[in-house]
Amino acid sequence: MRTKKVTRHYCDHCSKGMFKKDAMERHEAVCYRNRDRKCHRCQFEDPQYSISPERRKAILEGDEKCQTKWGECPDCLMAMVIQHNTSLTPDIRIWDGWVQYDKDQFNADRDAWDAEIRDMRNEASKWRYM
Ligand SMILES: [Zn+2]
Ligand SMILES: [Zn+2]
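What follows is the structure, encoded as structure tokens:
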């Protein structure tokens, strides 16, 4: 018989567990539940990609549909929604505090983001040669 003891690392913010410490450190940094997460998608390079307080309020209160607008970052929006939902107490959840960022919408928003970045890069390389 071979018995092997392994160390497993768990995320401080969600239930994810991993064997590799460096992989877990990378996950924790971007974990949607981490309130100090670093966003790999937008890197917060441009404040227009983070969600404005007005948009945040409108989405969380259900006045506007949960989807990205005006170049907002879909990963930052997802993190916002997940952090909002996990902060709710069970009795609020039964009522209407829960916000759903539809998976298809999220994927569509991510595709739109990627397409926009691609266009921007193409645009930039075009100018270089003019
Ligand atoms: Zn996590
Ligand atoms: Zn982001």
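Going by the working numbering, the first residue of the sequence shown is number 66, and it counts up by one from there.
All C-beta atoms, glycine included, are put in the ideal place defined by N, C-alpha and C.
{"Asked": "Closest residue to Leu142 among Val164, Asp156 and Asp184 (Cα-Cα distance)", "Found": "Val164"}
{"Asked": "Ligand 1 heavy atom lying under 7 Å from the CB of His78", "Found": "yes"}
{"Asked": "Closer than 6 Å: residues whose CB approaches a heavy atom of ligand 2", "Found": "Cys104, Arg106, Cys107, Tyr114, Cys138, Asp140 and Cys141"}
{"Asked": "Residues near His92 in its chain [Cβ-Cβ closer than 8 Å; skip 5 each side]", "Found": "Cys76, Lys81 and Met83"}
{"Asked": "Nearest-angstrom beta carbon gap, Cys138 and Tyr114 [assumed within contact, 8 Å]", "Found": "4 Å"}
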